[in-house]
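Numbering (the working numbering), first residue to last: 24 to 593.
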């Protein structure tokens with residue numbers, strides 16, 4: 024989306040939204056105002072009709088024998104059709120008189136020309152007007168197929184505040200809607216005219232702003248292409264808004280670019296001359312450093328030959344010392360490992376002895392458990408014998424209770440209480456037999472478990488004895504290993520002592536050889552340090568020379584870039 028379109032949408036959209044909102048709000052408020060005025064007019068008309076009936080006509084409202092409504096004895100309201108027709112002809116409002124909720128007089132006619140009388144008012148109307156003594160107002164009431172804006176007003180008997188009838192004043196809804204629509208059309212026309220004028224104004228302003236911005240963009244494009252002699256339009260500079268500020272900033276930008284281009288022209292020439300001079304000096308220094316490097320290499324070779332002879336003399340001694348040192352190191356490692364093995368053997372022997380003691384405690388516990396199991400089995404056997412005795416007693420008790428029952432039966436009524444006791448004794452003997460059976464089952468299970476536990480403990484006893492034997496054999500083996508390790512440690516102490524003596528002799532020889540080669544190595548080191556410095560200087564000068572060449576190329580490139588900007592008018 025282009026800038027012009029975006030600005031127009033941003034500027035016009037709020038205007039259109041505001042205009043439409045104002046139109047909708049104004050149209051709604053206008054319609055409400057017209058309805059309110061219509062209601063006020065109808066209320067005034069209903070009061071006028073009521074005053075016509077009451078002023079100059081004394082007496083109460085009543086119906087005669089023909090069903091006509093009278094006000095006093097002078098005004099027959101039912102026959103006063105000229106009054107309601109006159110009001111309709113002059114105000115275009117229909118009038119109806121109700122006696123209670125029944126139409127007595129009306130200006131409303133049907134298609135045949137008959138008046139709409141002797142019909143009932145809606146229940147909502149009678150509720151509010153006759154019972155509550157209030158006005159009833161409504162915008163949409165249909166009468167004979169026509170929508171009306173209506174007003175029902177109560178009228179009262181003289182000297183009372185109780186409504187006895189109603190005055191209806193109504194106007195066709197189409198008439199009021201026509202007035203509202205005419206006013207809405209006028210408001211819509213005015214709103215459209217305002218929006219059109221605003222749109223034209225916005226479009227003209229946006230076109231001016233966008234065109235000015237386009238000219239500014241064109242100037243920036245020319246400056247970016249290198250045309251620094253562009254002229255900014257006076258009309259753009261004289262604008263008091265942000266677009267004018269943009270033109271002034273473009274002018275300042277052009278002037279600054281012109282100054283930068285002038286400085287770059289001057290400095291690029293100076294840089295090119297300085298790079299050429301520096302390149303020549305770097306070439307001379309490079310030649311000098313190459314000759315110095317050759318002399319340093321010859322001196323280094325001579326010192327290196329002297330140092331090589333001294334180093335060869337000491338290399339044999341050094342190699343012998345290395346061999347002695349390696350042997351000493353390995354012996355030290357073996358000595359350390361042997362001590363570790365000795366410590367581990369002693370620790371293992373202590374653990375084996377502790378394990379042996381634990382196994383003895385376990386065997387003692389197993390023996391005690393086996394003894395307790397035997398006692399448990401003996402107790403189970405005693406319980407079994409006691410159970411057999413209880414079963415025998417229960418059997419005898421059952422026979423005695425049976426005999427007692429027989430004797431009680433022979434005795435008749437005299438032996439009835441004795442028979443009950445005999446029956447209870449028999450039940451107890453039965454329960455005793457059942458309990459004996461349960462105890463016998465538990466005792467058999469306990470005896471079986473005790474036998475199995477005894478067999479398991481015998482097996483565990485055998486395993487423990489075998490384990491004690493194995494532990495004793497393992498202790499013997501570790502004792503032999505520990506003795507052998509102690510003997511090896513003693514031999515290693517002697518070897519380490521001899522090795523230290525050889526190391527002292529070797530150290531003296533190496534010191535003598537190193538003293539003889541110290542001067543040669545020092546000279547060689549000094550020459551190598553000098554050669555390193557020469558090489559570093561040579562390397563830095565070569566880098567400087569390369570940088571000088573790159574600087575010359577950059578000065579040429581800068582000249583070419585500066586030539587892109589044309590300061591003079593073409």
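The C-beta atom is built at its ideal place from N, Cα and C for all residues, glycine as well.
Selected residue, minimal CA-CA separation from residue i, among the options
i, options, result
"residue 479", "393, 150, 413 and 421", "393"
"residue 187", "414, 487, 121 and 222", "121"
"residue 375", "473, 402, 295 and 492", "492"
"residue 467", "410, 421, 487 and 228", "410"
"residue 83", "74, 96 and 73", "96"
"residue 173", "157, 118 and 205", "118"
"residue 181", "398, 278, 76 and 566", "76"
"residue 63", "277, 160, 135 and 37", "160"
"residue 461", "423, 427, 414 and 482", "414"
"residue 271", "254, 372 and 221", "254"
"residue 199", "114, 225 and 280", "114"
"residue 135", "167, 423 and 214", "167"
"residue 642", "502, 475, 101 and 400", "Absent from the structure is residue 642, since the part of the chain shown begins at 24 and ends at 593."
"residue 456", "419, 144, 482 and 442", "419"
"residue 30", "382, 226, 558 and 569", "226"
"residue 151", "177, 171 and 562", "177"
"residue 32", "286, 229 and 80", "229"
"residue 104", "41, 92, 130 and 91", "130"
"residue 387", "488, 476, 283 and 217", "488"
"residue 235", "246, 263 and 158", "263"
"residue 570", "382, 303, 212 and 397", "303"
"residue 249", "220, 266 and 283", "283"
"residue 183", "498, 435, 112 and 156", "156"
"residue 459", "265, 496 and 407", "407"
"residue 513", "383, 355, 206 and 385", "355"
"residue 562", "81, 383 and 310", "310"
"residue 395", "80, 476 and 431", "476"
Terminal residues of the beta strand (DSSP E) in which residue i lies
i, result
"residue 126", "125-129"
"residue 161", "159-166"
"residue 142", "Neither: residue 142 is in no beta strand (DSSP E) and is coded neither H nor E."
"residue 117", "117-122"
"residue 85", "84-86"
"residue 94", "92-94"
Exposure of residue i, with buried meaning 16 or more beta-carbon neighbours within 10 Å
i, result
"residue 116", "buried"
"residue 193", "buried"
"residue 593", "Confidence at residue 593 is low in this model, with a pLDDT of 46, below 50, so its placement is unreliable and no value can be given for it."
"residue 98", "buried"
"residue 39", "exposed"
"residue 189", "buried"
"residue 65", "buried"
"residue 149", "buried"
"residue 196", "buried"
"residue 69", "buried"
"residue 548", "exposed"
"residue 154", "exposed"
"residue 94", "buried"
"residue 72", "buried"
"residue 424", "buried"
"residue 41", "exposed"
"residue 391", "exposed"
"residue 92", "buried"
"residue 224", "exposed"
"residue 61", "buried"
"residue 107", "buried"
Whole-Å CB distance - residue i paired with residue j, under 8 Å assumed
i, j, result
"residue 142", "residue 126", "5 Å"
"residue 260", "residue 274", "7 Å"
"residue 43", "residue 203", "With 8 Å as the limit, residue 43 and residue 203 do not qualify as a contact, their Cβ atoms being about 18 Å apart."
"residue 175", "residue 191", "6 Å"
"residue 26", "residue 222", "Going by Cβ atoms, the distance from residue 26 to residue 222 rounds to 18 Å, so no, they are not a contact pair."
"residue 110", "residue 128", "Going by Cβ atoms, the distance from residue 110 to residue 128 rounds to 11 Å, so no, they are not a contact pair."
"residue 402", "residue 428", "The pair is not a contact, with the Cβ atoms about 38 Å apart (cut-off 8 Å)."
"residue 452", "residue 417", "5 Å"
"residue 239", "residue 269", "5 Å"
Residue i - containing alpha helix (DSSP H), residue span
i, result
"residue 59", "26-77"
"residue 111", "104-114"
**OP:** Any chance you could list the beta strand (DSSP E) runs of at least 3 consecutive residues sitting entirely within the segment 174-201, in chain order?
**Re:** 186-195
**OP:** Go through the segment 241-266 residue by residue and report every complete run of the alpha helix (DSSP H) that reaches 4 residues or more, in order.
**Re:** 257-260
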